[in-house]
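Chemist: Residues 1 to 313 in our numbering are what the sequence shown spells out, letter by letter. Sharing a structure with you now.
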Amino acid sequence: MMSSEPGKTKFQIDLRRHLRSQNIDDNLVHLICEISEASKYVINAVRTGDLGVAGTSNLYGEEQLALDVLSDRIMRKRLVKSGVVCNIASEEMDEIYQVTSDSDGLYSVAYDPLDGSSLVDVNLAVGTIVSIFAGCDLLQEGRKQVAAMYILYGPRVSLVYSVGNGVHEFTMNQLMEFTLSREDVRMHPAGNIYSPGGLRNKYNEGDEKFIRYLEAKGAKLRYSGGFVPDINQVLMKGKGIFIYPALNGSPNGKLRLLFELNPMAYLIEQAGGAASNGHVPILDLKPESLDQRAPIYIGCTEDVSKAMEYLNG
Ligand code: AHG
Ligand code: MN
Ligand code: MN
């Protein structure tokens, strides 16, 4: 826990200073700071960039927007130049990008450069999601991540990270510096908001019953269609659950294990919450391929276990 230095309120503690208090390797401090710097160029792209299609598709066969490709290039360039990265995987690249075969003291990064990009043209919040492993192997269980973070481009720009010592939020100030705004974010055992992703007419019976349970207990529906703002709301309010379940016709749901689920599951568990695919913790899933998807139930522990009861009841 960072004690405020005399004359300095905790809100003036910047990202680098906070990272240095986390007792982690200098290369990891440098890497997370480089990602925070790259996000400033992504913000500029989101605010002023071309909203059209890129004319290409990603490894999921989804049409890429110009912003997806531009954000991906910004992130990749920064990671390559950081000097502390050996392998890179991106939701927008077909295969792993090897920076160097050397792994000593280096990290590998999986990222979604602009999650929710299709929401930019209707001016809704979007974000960048990042998962970090030590060494060169990106197909490890999520529990082996050494760090996870996201940057949320909303009315305010916030950066949330964990390196295994709790979850911490930084907010961008008028000088475009990330300064500490919440330290050691914790979730309640149960919540009062829910984010039901996907088409409800494709939900299986157990999930449909779970939603009706949530509504009967007075939970409010909160769903923007952007994974980063929707998860950020559950995390920062500490009271809720986000689900994107297996749907009829899509047994693995929609969301991507490496680029979306592992980093968010790491953060939510670090804040005292839970994240499951309906049967086992997300972080215990061994990825078989870069493009692997999984159903997700993520948020307050009691809400996630109640969902499992309905799903497997
Ligand atoms: P991406 O923009 O990276 O493809 O991700 C979009 C995802 C995620 O942000 C959100 O939770 C989900 O798509 C929404 O899916 P539906 O529109 O099917 O609800
Ligand atoms: Mn995404
Ligand atoms: Mn994306």
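The C-beta atom is built at its ideal place from N, Cα and C for all residues, glycine as well.
1. At what residue ranges does the segment 179-214 contain a whole run of the alpha helix (DSSP H), taking only runs of 4 or more?
2. Gln-140: which of Tyr-297, Gln-292, Leu-311, Glu-269 sits nearest, CA to CA?
3. Does the beta-carbon of Pro-263, which I'm using as the reference point, lie nearer than 8 Å to any heavy atom of ligand 3?
4. Just how far apart, CA to CA, sit Arg-222 and Leu-247?
5. Just checking Arg-293 against ligand 5 - is the residue's beta carbon closer than 8 Å to any of the ligand's heavy atoms?
6. Report, in whole angstroms, the separation of the C-beta atoms of Val-163 and Ala-147, which I expect to be a contact under 8 Å.
7. Hey, is Glu-260 close to ligand 2, as in C-beta under 8 Å from one of its heavy atoms?
8. Comparing alpha-carbon positions, which option in Lys-144, Arg-182, Ala-38, Lys-81 lies nearest Leu-258?
9. Within 10 angstroms of its Cβ, does Gln-98 collect 16 or more other Cβ (buried), or is it exposed?
10. I'd like to confirm something about Asp-303: is its beta-carbon nearer than 8 Å to some heavy atom of ligand 1, or not?
11. Report the option in Gly-253, Ile-231, Tyr-244, Lys-254 whose CA atom is closest to the CA atom of Glu-269.
12. For the alpha helix (DSSP H) that contains Val-304, what are its first and last residues?
13. Report the partner residues of Glu-63 according to the DSSP bridge assignment.
14. Quick check on Ile-231: does DSSP put it in helix, strand or coil?
15. Please state the DSSP three-state secondary structure of Ala-134.
16. Please confirm whether any heavy atom of ligand 2 lies closer than 8 Å to the CB of Glu-91.
17. How many angstroms separate the CA atom of Leu-311 from the CA atom of Leu-267?
18. Would Leu-79 and Leu-152 be called neighbours here (beta carbons separated by less than 9 Å)?
19. What is the rounded straight-line gap between the Cα of Ile-282 and the Cα of Asp-121?
20. Once you ignore the five residues that flank Leu-199 on each side, which residues in its own chain have a CB closer than 8 Å to its CB?
21. Expressed to the nearest angstrom, what Euclidean distance is found between the alpha-carbon atoms of Ala-294 and Leu-15?
22. Rounded to whole angstroms, how far is the Cβ of Cys-300 from the Cβ of Pro-189, which I believe are closer than 8 Å?
23. Secondary structure at Tyr-41, three-state DSSP: helix, strand or coil?
24. Which runs of the beta strand (DSSP E) at least 3 residues long sit entirely within the segment 74-102? Give them in chain order.
25. Kindly indicate which three-state DSSP category His-30 falls into: helix, strand or coil?
26. Report the three-state DSSP secondary structure of His-279 (helix, strand or coil).
Modeler: If we stick to the structure as given:
1. none
2. Gln-292
3. Pro-263 Cβ: outside cutoff for every heavy atom of ligand 3.
4. Approximately 20 Å, taken between the alpha carbons.
5. Absent from the structure shown: ligand 5. Ligands present: ligand 1, ligand 2 and ligand 3.
6. 5 Å
7. For ligand 2, at least one heavy atom lies less than 8 Å from the Cβ of Glu-260.
8. Lys-144
9. exposed
10. no
11. Ile-231
12. 301-312
13. Ser-57
14. helix
15. Collapsing the DSSP output to three states places Ala-134 in a strand.
16. At a threshold of 8 Å, Glu-91 counts as near ligand 2, since its beta carbon sits closer than that to one of the ligand's heavy atoms.
17. Taking the straight line from one Cα to the other gives about 24 Å.
18. For the pair Leu-79 and Leu-152, the CB atoms are not nearer than the 9 Å cut-off.
19. Looking at the two C-alpha atoms, the distance is approximately 31 Å.
20. Leu-247
21. Each residue's CA atom was taken as its position, placing Ala-294 and Leu-15 some 32 Å apart.
22. 6 Å
23. helix
24. 85-90
25. helix
26. coil
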